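Converting from the sequence shown to my numbering requires adding 6 to each position, the first position being numbered 1. Worksheet for the structure shown next.
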Amino acid sequence: MSSGIAQGVRKQLRYAKQAGLGAIAATTGGSILRRTQSTLDLNKTSYQATEIRSDYQVADFRLGTRSVAGDISGELSPGTYADLIAGVLRSPFAAGATTGAQTTIAASAVAPHFTRTAGSFLADGFKVGDVIRASGFTHASNNNTNFMLVDVEDEAMTVVQLNGPVGIATEASGGNVTLAVAGKKAIIPSSGFADTYFTFEHWFSDIAQSEVFTDCKVSQLDLSLPATGMSTIKAAVMGLNMQTGQAAYFTAPAPETTSGILAAVNGVVLSGGKPAGIVTGATLTVNGTLTTGAVVGSNVMPDVFDGTIKVSGQITAYFQDAKLRDQFVNETESSLSFAMTTSNAPNADFLAFTLPRIKVSSAKKDDGEKGLSLTIPFTALKNIAGGAGTASDATTVSFQDSLA
């Protein structure tokens, strides 16, 4: 017989996007979200009387404005957290660049690896850090393989392969070849921002209790990419209210995604478009600086207000040469691109992100009877020089998800 105590393994985290503020998501169309932990909960401000009384005691205590706060933590997997990532970026994932079927594209075993005699890769919208796949080549090794772009010009692109050395076979143009960004991309836009609200539910099936959190936004994302172990994500959530029930709110939600978990050991790290040395770990924070505010006459706040999106992070790497250190010494701006895959397969699912313009704020070295490491914290800035017709996006950070 059960103890009647709620158990974490029987709890589900469910969610759906809302149509807008105050429009709780429909009971149909929800999804179960993978997690290692979800701490969403209702909070209330409190007020205690401060009057000085002759009986030396406190005579009143009240509860005030309601709000929702907490973190959703998980192990990174393609497709799983795309909605939350898009929420903090304030822009949906969308299909990336493609050449369309062309007969003028050739492949080469040496750089530049893809060339064309008509059209323009830059005009098509390809960017450094994009992960592309090819189709239509005669050599099978050229097709359906994950290649990250390290250099993009009008008629030439140079790549690295995400899993292993580049295995491109030289092939002349003439076939019906397509090069395309795999999956979808999302960036912090310069205009046309999406205001995305979510409804989240904790369903405690073993005690028949439902807690539904409404008008929620993702306020911050924290990614951790250790050298050993699984890559992780933590999404901080802010919302306005909670309702309860004895039956699940979302009916027949879509099951959890089944994509593999990402590990930083499978992938590529680029600094300034070149391999970043022996990186031992990385973190990334995207902070939407959201705020709320109480009003007179209601115990529910009117909205979760957007702020400036601030992006920062840190990498640790073995101290091999002056490259990373001197980005700090000389205040040299650079770029960073990361890609992680679910396996060693050439076409493994992946998540990638690119910071086209960063500044390093220190370069501290450790010491001891071991390989010495650099710790490189950085701040990402808007890439003002990027945009249409260039090799980089006009943004602070872009994400690419093969299953978004």
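Glycine included, C-beta positions come from ideal geometry on N, C-alpha and C. Given the structure is predicted, the values throughout are model-derived calculations rather than measurements.
Distance between residue j and residue i (C-alpha atoms, nearest Å)
i	j	result
V310	D201	10 angstroms
Y21	S368	40 angstroms
I111	N149	13 angstroms
F204	Q24	5 angstroms
T425	P118	Examination of residue 425 is not possible in this model, given that the chain is present from 7 through 410 alone.
L185	Q108	9 angstroms
D157	K223	36 angstroms
N389	Q406	17 angstroms
K371	G377	11 angstroms
P362	P383	16 angstroms
E337	L330	11 angstroms
G106	S126	12 angstroms
S8	A88	37 angstroms
A65	S44	37 angstroms
G235	G287	11 angstroms
S340	K365	7 angstroms
M346	N305	44 angstroms
T51	T71	5 angstroms
R16	S237	24 angstroms
L27	L82	28 angstroms
E57	L69	17 angstroms
V403	A178	35 angstroms
G273	T348	9 angstroms
K191	V335	33 angstroms
Distance between beta carbons of residue j and residue i, contact taken as under 8 angstroms
i	j	result
V134	A358	The Cβ separation is near 11 angstroms, so there is no contact.
P84	F356	6 angstroms
P352	N152	7 angstroms
A188	S408	5 angstroms
T86	Y255	Not quite, the Cβ-Cβ distance comes to about 21 angstroms (not below 8 angstroms), so this is no contact.
T401	I194	5 angstroms
G14	V243	No, G14 and V243 are not in contact; Cβ-Cβ is about 18 angstroms, not under 8 angstroms.
Residue span of the alpha helix (DSSP H) that contains residue i, given as start and end
i	result
I91	88-95
A129	127-130
Residue i - containing beta strand (DSSP E), residue span
i	result
L361	356-366
D157	153-158
T331	It should be pointed out that residue 331 corresponds to Arg in this sequence rather than to Thr. Counting along the chain, R331 falls outside any beta strand (DSSP E), though it belongs to the alpha helix (DSSP H) covering 329-335.
H208	204-210
K376	No beta strand (DSSP E) holds K376; DSSP gives it neither H nor E.
V183	Run containing V183: none; DSSP gives neither H nor E here.
Y62	Counting along the chain, Y62 falls outside any beta strand (DSSP E), and DSSP gives it neither H nor E.
F219	215-232
A162	162-167
D407	404-407
L342	340-347
V243	238-245
I321	316-324
Q252	Careful: Q252 lies outside any beta strand (DSSP E) and carries neither H nor E.
G273	269-277
Q54	47-54
G287	285-293
A25	No beta strand (DSSP E) holds A25; DSSP gives it neither H nor E.
Per-residue burial, residue i [other beta carbons within 10 Å of its own, 16 or more giving buried]
i	result
N182	exposed
P494	Any answer about residue 494 is impossible in this case: the structure gives the chain only from 7 up to 410.
F67	exposed
N169	buried
D399	buried
Y62	exposed
Q54	exposed
S225	buried
F344	buried
V285	buried
A391	exposed
Sufficient close CB pairs (3 or more, under 8 angstroms) joining the segment 326-339 to the segment 91-109:
Note that the segment 326-339 does not touch the segment 91-109; fewer than 3 beta-carbon pairs, one per stretch, sit closer than 8 angstroms.
Specify whether the segment 202-216 and the segment 275-284 touch according to this definition: at least 3 beta carbon pairs, one from each stretch, less than 8 angstroms apart.
With a cut-off of 8 angstroms, the segment 275-284 and the segment 202-216 do not count as touching, because too few Cβ pairs lie within range.
Counting beta carbon pairs with one atom in the segment 215-235 and one in the segment 245-254, are three or more of them shorter than 8 angstroms?
The segment 245-254 vs the segment 215-235: in contact.
Cβ contact check for the segment 252-272 and the segment 292-307: 3 or more pairs under 8 angstroms
Fewer than three pairs of CB atoms, one per stretch, sit closer than 8 angstroms, so the segment 252-272 makes no contact with the segment 292-307.
Assess contact between the segment 121-132 and the segment 224-236, defined as three or more Cβ pairs (one per stretch) separated by less than 8 angstroms. Is contact present?
In short, these stretches do not touch, since the Cβ pair count stays below three.
Mind the definition here: the segment 268-277 touches the segment 85-93 only if three or more C-beta pairs lie below 8 angstroms; say whether that holds.
By the Cβ criterion, the segment 268-277 is not in contact with the segment 85-93, since fewer than three pairs of Cβ atoms, one from each stretch, lie closer than 8 angstroms.
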